[in-house]
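Following: one structure in structure tokens, then a few remarks.
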Amino acid sequence: MTPDDRAEDPRAALSRIESLCALHPTLFGAMLAVVANHPGVPRALLARAVKQFRRDADSLALDDVMGLLTSITNGALQAFEAVRRTRRGADRKAAPLPFIRPD
Numbered sequence: 041m042t043p044d045d046r047a048e049d050p051r052a053a054l055s056r057i058e059s060l061c062a063l064h065p066t067l068f069g070a071m072l073a074v075v076a077n078h079p080g081v082p083r084a085l086l087a088r089a090v091k092q093f094r095r096d097a098d099s100l101a102l103d104d105v106m107g108l109l110t111s112i113t114n115g116a117l118q119a120f121e122a123v124r125r126t127r128r129g130a131d132r133k134a135a136p137l138p139f140i141r142p143d
């Protein structure tokens, strides 16, 4: 099944989201997996699916779940970019060792 086929079949996507929600014990882990596996699906639809399959999201409003999905996406992307910037062949200076005197 190609990514285009997945985007066209909402029942298959819903089935995958249900499996991801059941697989991950924490709400954060489930939401991260759902967002990572369905990047092209609108947040409103993902939020409805998460609320449907996660009992620990029952107390949250739909807007709150959409906000959490957005924050997970943005936070993960910002963290990824920050690590990549620091690792991209940057010259690294040796850390000064306070117990060695330059005598």
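Residue numbering for the sequence shown follows the working numbering, beginning at 41 and increasing consecutively. Every residue, glycine too, gets a C-beta built ideally from N, C-alpha and C.
TODO: Apply the 10 Å Cβ neighbour rule to L63 and answer buried if 16 or more other Cβ atoms are within range, or exposed otherwise.
DONE: Exposed: under 16 other Cβ atoms inside 10 Å.
TODO: Give me the Cα-Cα distance between D98 and L60, rounded to the nearest whole angstrom.
DONE: Straight-line Cα distance between these residues: approximately 17 Å.
TODO: State the start and end residues of the unbroken alpha helix (DSSP H) segment that holds D49.
DONE: Per DSSP, D49 belongs to no alpha helix (DSSP H) and is neither H nor E.
Open item on the list: Below 8 Å on the Cβ atoms is my contact criterion, and I expect V81 with I112 to pass it. Report the Cβ-Cβ distance as a whole number of Å.
Closed with: Between I112 and V81 the Cβ distance is about 14 Å, and since that is not below 8 Å, they are no contact.
- [ ] Can you give me the Cβ contacts of M41 inside the same chain, cut-off strictly under 7 Å, excluding the 5 residues immediately before and after it?
- [x] Because the pLDDT at M41 is just 46, under 50, the model does not fix this residue reliably, and the point stays unresolved.
Open item on the list: Quick check: the Cα distance between F120 and L72, rounded to an integer number of angstroms?
Closed with: Those two C-alpha atoms are separated by around 14 Å.
Open item on the list: For a quick check, are the C-beta atoms of I57 and A89 less than 7 Å apart?
Closed with: Against a cut-off of 7 Å, the Cβ pair of A89 and I57 comes out as a contact.
Task: First and last residue of the uninterrupted alpha helix (DSSP H) at D40 - done: Since the displayed the chain opens at 41 and closes at 143, residue 40 lies outside it and no answer follows.
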